[in-house]
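The structure under discussion appears below in the form of structure tokens.
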Amino acid sequence: MKISNPVFVTFYDETCIGVRTLMAITKQNNIKCSLVVFKTHGVGKIKSKEYGQNYEYYQNGKLVGSLMAFNPFTQKDVEVGVQLLKRLNPDLLCFSARTFGMPFAEWLARELKKQKFDVSILAGGWGPTLEPEKALEWADYVCFGEAEKMWQDVLDRGLDKNTKNLIYRINSHINRNPCHTPMTINELEELPFQNHDNNIQYLVDNEITHAVNWKRHTIYETFSGRGCPLSCSYCMSGMYRTIYKDFYDIHCPKYRLIPAKRIIEELCWAMGQWPTIRRIKLKDEVFPWDKKWLAEWIEQYPKVIGNIKFSGHLRPELHTEKTIKQLKQVGLLRTTVGIQSGSARMLKIYNRAFTLEMAKEFAHNLDKWNIGFSYHFISDCPFETEQDLINTLKLLWEMPYASLATHRLAIFPHTPIKKKIELENPQALSHYLHDWYNLLYCLAAIDKWRRPLSKVIWRLKIFRKHPSALKILFWFADIKKILKWILRK
Ligand code: B12
Ligand code: SF4
């Protein structure tokens, strides 16, 4: 089947750098395509409890929701979306989903079938890649892993039963075609830049609008590599090697770093397209630490990009004080301190490659060089004991003040931690106890007035059974904001 009008569909994902790359390849081949984003990816007051607790998190003492917990996916979205998809009249629907997006993809696909909208569905992204059998309940084909080479084949020759990377059903059997080798660094360098053409993108969020993310005009987001050199037990980023080996016996490097020169070229291109860009975000989970790469970035960034600030995720085990200082001098504005737990035992379970001393030193160095950051912790891991939570609290008492977020552990298919949980069936602590500690962490990190309070509340076990009562201690920030606002008026 030759393709002349594919439509990409994403869920809560306007950023979708992977899909935007496939769209750029489509454009390069002079083939028209469109993008329909279902729902914006916001964070705020929880509007739906239905989706469980993974998408709720504590941020500076407030329990907030993200994705569908904040902005629920509704029948109205499906109805409006189906009308739009019919109007766009695609010859191939390309659904992109992470694990959390699979139920929405299914909902939409079933509604399309119900309305007799007969068009093939190709599903890709981490969700279908990890659980193709689930995706094939609503999709005709699944594309395994990286799709740039497979997509070029589809544009050249059409989609058929021989297309590489495809997974599909033959009766009750699931067939896997051979798979392309993953992209080499040279191939990654040659990819066209993301496609953000305004006239071909739509947002479905109760109604249809053009999916122009307002931030897009002021913030540009990209990657300097693929994968991750580390191997945290709850994450797929460092697992490209494992999945290519397990499913196809193909070697995929754990991490591929694109030369700094090429990233700077992309940033120049983006700034030419959107002169309003004021901030660059390198979205890699690990900001490059390779000496040669850093030297080129530190030399070229200020010369070519000037004083536009950038952010990226620096890491205690990879970035030294010297690097922090140099990056600050060329425009590093913000980063994160992803510690996940203050217990050495839990760091082992998470397979984190740094010690608590390194984490402390790292945060102090960021503070010293005046780089904004927030702490990230994981809560509700069933392996945690109360002693692990106490260790985290005590660690925070020794750290610089900063904002803090605690995300509940989300357990994804094929992760080592999922296998460990299945094998050992650990007894989890109650959510209430986690919440009490989550709020104590926020108090300990927020400022010098509230850190001592976290010590007293912990020692006297105040509101241990009713943690939400502690939320009042964070209203102060709101009052301050309101006062500032009134004074400004
Ligand atoms: C950067 C990043 C983010 C950024 C930006 C994400 C974005 N929208 O682009 C932020 C911080 C916002 C983010 C948020 C989240 N993320 Co994130 N993120 C990543 C990271 C590090 C890179 C993603 C990426 O763009 N990779 C590069 C591109 C090229 O790859 P790609 O998107 O997978 O696309 C390729 C293929 O998958 C395929 N493909 C994709 N779609 C389609 C569709 C079709 C039809 C075809 C044929 C092929 C295809 O082709 C693309 C090109 O090769 C990955 C880890 C990783 N290495 O992938 C985690 C990762 C994807 N994130 C993950 C998660 C869980 C989340 C959150 C749910 C976290 C949360 N609790 O809020 C949210 C969800 C956001 C959303 N709206 O979807 C998980 C997903 C696990 C899973 N099983 O689903 C990952 C794998 C990390 C992990 N913990 O394991 N994320
Ligand atoms: S460092 Fe981040 S991206 Fe890399 S494996 Fe760990 S959690 Fe995943």
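The numbering of the sequence shown is this note's numbering, which starts it at 7 and goes up by one.
We put the CB at the ideal spot given by N, CA and C, even for glycine.
Residue i Cβ short of 7 angstroms to the ligand SF4 heavy atom set
{"i": "residue 231", "result": "no"}
Distance cut-off 7 angstroms: residue i Cβ against heavy atoms of the ligand B12
{"i": "residue 96", "result": "no"}
{"i": "residue 289", "result": "yes"}
{"i": "residue 62", "result": "no"}
{"i": "residue 317", "result": "no"}
{"i": "residue 56", "result": "no"}
{"i": "residue 105", "result": "yes"}
{"i": "residue 419", "result": "yes"}
{"i": "residue 32", "result": "no"}
{"i": "residue 387", "result": "no"}
{"i": "residue 2", "result": "This structure does not reach residue 2, given that the chain is present from 7 up to 495, and the question cannot be answered."}
{"i": "residue 152", "result": "yes"}
{"i": "residue 71", "result": "no"}
{"i": "residue 18", "result": "yes"}
{"i": "residue 157", "result": "yes"}
{"i": "residue 413", "result": "yes"}
{"i": "residue 141", "result": "no"}
{"i": "residue 295", "result": "no"}
{"i": "residue 132", "result": "yes"}
{"i": "residue 128", "result": "yes"}
{"i": "residue 248", "result": "no"}
{"i": "residue 102", "result": "yes"}
{"i": "residue 194", "result": "no"}
{"i": "residue 28", "result": "yes"}
{"i": "residue 274", "result": "no"}
{"i": "residue 75", "result": "no"}
{"i": "residue 209", "result": "no"}
{"i": "residue 111", "result": "no"}
{"i": "residue 136", "result": "yes"}
{"i": "residue 416", "result": "yes"}
{"i": "residue 39", "result": "no"}
{"i": "residue 185", "result": "no"}
{"i": "residue 149", "result": "yes"}
{"i": "residue 216", "result": "no"}
Identified DSSP bridge partners for residue i
{"i": "residue 102", "result": "16 and 130"}
{"i": "residue 214", "result": "210"}
{"i": "residue 181", "result": "174"}
{"i": "residue 344", "result": "382"}
{"i": "residue 225", "result": "285"}
{"i": "residue 412", "result": "64 and 383"}
{"i": "residue 147", "result": "128"}
{"i": "residue 232", "result": "262"}
{"i": "residue 40", "result": "13"}
{"i": "residue 72", "result": "49"}
Exposed unless 16 or more other CB atoms sit within 10 angstroms - verdict on residue i
{"i": "residue 81", "result": "exposed"}
{"i": "residue 290", "result": "buried"}
{"i": "residue 184", "result": "exposed"}
{"i": "residue 303", "result": "buried"}
{"i": "residue 493", "result": "exposed"}
{"i": "residue 436", "result": "exposed"}
{"i": "residue 154", "result": "buried"}
{"i": "residue 212", "result": "exposed"}
{"i": "residue 460", "result": "buried"}
{"i": "residue 186", "result": "buried"}
{"i": "residue 224", "result": "exposed"}
{"i": "residue 441", "result": "buried"}
{"i": "residue 3", "result": "The question about residue 3 has no answer here: the residues shown for the chain are numbered 7 through 495."}
{"i": "residue 43", "result": "buried"}
{"i": "residue 34", "result": "exposed"}
{"i": "residue 485", "result": "exposed"}
{"i": "residue 96", "result": "buried"}
{"i": "residue 29", "result": "buried"}
{"i": "residue 7", "result": "exposed"}
{"i": "residue 481", "result": "exposed"}
{"i": "residue 281", "result": "exposed"}
Closer than 5 angstroms between the C-beta and any heavy atom of the ligand SF4: which residues qualify, listed along the chain?
234, 236, 238, 241, 243, 244 and 291
Check: Do the segment 235–248 and the segment 346–359 touch if we need at least three Cβ pairs shorter than 8 angstroms?
Finding: yes
Touch test, the segment 310–326 against the segment 255–266, Cβ-Cβ under 8 angstroms, three pairs minimum: no
Between the segment 448–456 and the segment 269–289, are three or more C-beta pairs nearer than 8 angstroms? no
- Any 3 or more C-beta pairs closer than 8 angstroms across the segment 40–56 and the segment 69–76: yes
Q. Does the segment 187–207 come close enough to the segment 316–332 to have 3 or more Cβ pairs within less than 8 angstroms?
A. no
Contact between the segment 130–144 and the segment 97–111: three or more CB pairs below 8 angstroms? yes
Quiz item: Would you call the segment 367–378 and the segment 400–410 in contact, with 3 or more CB pairs under 8 angstroms?
Solution: yes
Notebook entry, point to check: Pairing CB atoms from the segment 150–164 with CB atoms from the segment 112–125, are three or more of them under 8 angstroms?
Noted result: no
Quick test of the definition: if touching needs 3 or more C-beta pairs under 8 angstroms, does the segment 294–303 touch the segment 345–352? no
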